[in-house]
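Counting in the numbering used here, the sequence shown runs from -6 upward without gaps. Even for Gly, the Cβ is constructed at its ideal location relative to N, Cα and C.
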Amino acid sequence: MSTERICPSCSAENVQRVGDIFRMATSNKALNDLPRAYHPPRAPWAYLQGFLLGIPANAAVMLSMGPPQGSESQMAVGELASSLAFLGVWVGYGRLKTKNYSKKLDEWKETIASKFLCQKCSHAFEA
-6 MSTERICPSC
4 SAENVQRVGD
14 IFRMATSNKA
24 LNDLPRAYHP
34 PRAPWAYLQG
44 FLLGIPANAA
54 VMLSMGPPQG
64 SESQMAVGEL
74 ASSLAFLGVW
84 VGYGRLKTKN
94 YSKKLDEWKE
104 TIASKFLCQK
114 CSHAFEA
């Protein structure tokens, strides 16, 4: 089906669907020849970033409580609060960023499914 397509720019018949190029690529060299706009979005390091953001949140909660002069139960509540702040930032940030990534990935899949690329002049066009 993709061989029936003709490039509107150079009238060549050497046209292939971008999605097929990704499925049939045997090396990174073939993928590097594609325009950067058709590469998949980079996977986020969301949970690592959330972990690194959670450390200052934990420290801020611990420092805001003042010196440990209270009873053992007050100290336990303070440690629990700081741990919950740390986990909340870690998991919350990770989930938020991952949700955005899955949306970008779905948009990318729709884009490569509808685009054709001329192998001769590298012109991309819609089906």
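In the structure shown, residue 42 adopts helical secondary structure according to DSSP, grouped into three states. Counting C-beta pairs closer than 8 Å gives fewer than three between the region 54 to 73 and the region 11 to 18, which falls short of the contact rule. In this chain, the alpha helix (DSSP H) harbouring residue 67 covers 65 to 107. Spatial neighbours of residue 83 in its own chain (CB-CB distance under 6 Å, excluding positions within 5 residues in sequence) are listed in chain order as 43, 44, 47. With 16 or more other CB atoms across the displayed protein chains lying within 10 angstroms of its CB, residue 51 is buried. The distance from the Cβ of residue 118 to that of residue 10 is about 11 Å, inconsistent with a contact at the 8 Å cut-off. By the Cβ-count criterion, residue 87 is buried, with 16 or more other Cβ atoms from all chains shown falling within 10 Å of its own Cβ.
Counting along the chain, no beta strand (DSSP E) covers residue 16; the unbroken alpha helix (DSSP H) around it starts and ends at 11 to 17. Between residue 101 and residue 33 the beta-carbon gap is near 5 Å, inside 8 Å, which marks them as a contact. For residue 39, same chain residues with a beta-carbon under 6 Å away, outside a window of 5 residues either side, are 87, 90, 91 in chain order. DSSP links residue 111 through a beta bridge to 8. Classified as buried, residue 111 has 16 or more neighbouring CB atoms from the shown chains inside 10 Å of its CB.
In the three-state scheme derived from DSSP, where H, G and I count as helix and E and B as strand, residue 36 is classed as coil.
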